[in-house]
Amino acid sequence: MKIVDKRALVSLAVVLLLVMNAPAADHSWSTYHWRSSGGISLDVGNNLSGVWQPYLTQAIADWNQSSYVDLFDVAGGTRPKNCRPTSGRIEVCNASYGNNGWLGIAQIWVSGGHIAQAITKVNDTYFNTATYNTAAWRRLVMCQEIAHDFGLDHQDETFNNPNLGSCMDYTNDPDGPPSNEHPNKHDYDQLASIYSHTDASAGAGVAAIQSESPEHPSQWGRLMRQNDDRRIQVFELDLGNGRKMLTHVYWADPERDARGRER
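Below, the structure is given as structure tokens:
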């Protein structure tokens, strides 16, 4: 008769419990990613006004703590109002884009599942209001929208629950505690999951897919998903031949936006 070691069983149960309760790195934006050679190296075109400079600098420094991401702040290649994409890199822009409801958008253009170009836009129409003109709000939105551009999605999409300590967590109180102004370990684990592989054609150049960055939802294609209160939405525009434009939208709180009324 086989004798079972009760201590071994207890130890095994503890290990299984820890594994079952360990957070999984599972917040990628579908399977979209830049071509990887065991990591990515991307230029970030800086088209920002002075007030936004420290927030881009911080976001780049934060994401560069990942062993799989190297971002470089370079001169912008577009006028901020138009914020046109540049093949092979991210362009980041700010302007008063109007009372259109969104705080920030991230757009990626993909070809065959790989990101070919990307932009981040932050809307000064809202960031110049008392609600959003704070370091915490600017830091959270810049950190998050840049991350969408290299394939990260949200850890949580509920605004009024406790903060997770990650800029990939939605919140009504970005400075917490804990603060949602920077990435956390879960975000870095996800980047490792996305970029630890090597693509067969890593480093290969890609032709520009589209030269415009449309601002209005009517130009973003079909709505693919949204959270319960519709403050987070993702749109997809099919450009043909396996190419798509995807738009990730962060809507302002309709109860506190610059118009004082719901969308």
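With the first letter of the sequence shown counted as 1, position 24 gets the number 600 in the working numbering; the numbers rise by one all the way through. C-beta: ideal position from N, C-alpha, C; glycine also. A quick note: this is a predicted structure, and the numbers were derived from the prediction, not measured.
>> Taking only three categories from DSSP, how would you classify cysteine 719?
In response: helix
> DSSP state of serine 787, grouped into three classes?
Replying inline: coil
>> Helix, strand or coil for histidine 762? Go by DSSP, reduced to three states.
In response: helix
> How about histidine 609 and glycine 727: are their beta carbons less than 9 angstroms apart?
Replying inline: yes
> Between threonine 633 and glycine 818, what straight-line distance do the alpha-carbon atoms span, to the nearest angstrom?
Replying inline: 34 angstroms
> How big is the Cα-Cα spacing for tyrosine 771 and glutamine 641?
Replying inline: 14 angstroms
> Taking the beta strand (DSSP E) that glutamine 731 falls in, what are its first and last residues?
Replying inline: It is not in any beta strand (DSSP E) - glutamine 731 carries neither H nor E in the DSSP assignment.
> Does the Cβ of glutamine 809 have 16 or more other Cβ atoms within 10 Å, making it buried, or fewer, making it exposed?
Replying inline: buried
>> Just to confirm the assignment, what range does the alpha helix (DSSP H) spanning aspartate 638 have?
In response: 629–639
>> Please identify the residue among Asp763, Cys659, Asp700 whose C-alpha is closest to the C-alpha of serine 853.
In response: Outside the modelled stretch of the chain, which goes from 577 to 839, sits residue 853, for which no answer is possible.
> Cα separation between lysine 790 and histidine 724?
Replying inline: Reading off the sequence, residue 790 comes out as proline, not lysine. Cα to Cα, proline 790 sits roughly 17 angstroms from histidine 724.
> Between arginine 714 and phenylalanine 703, what straight-line distance do the alpha-carbon atoms span, to the nearest angstrom?
Replying inline: 8 angstroms
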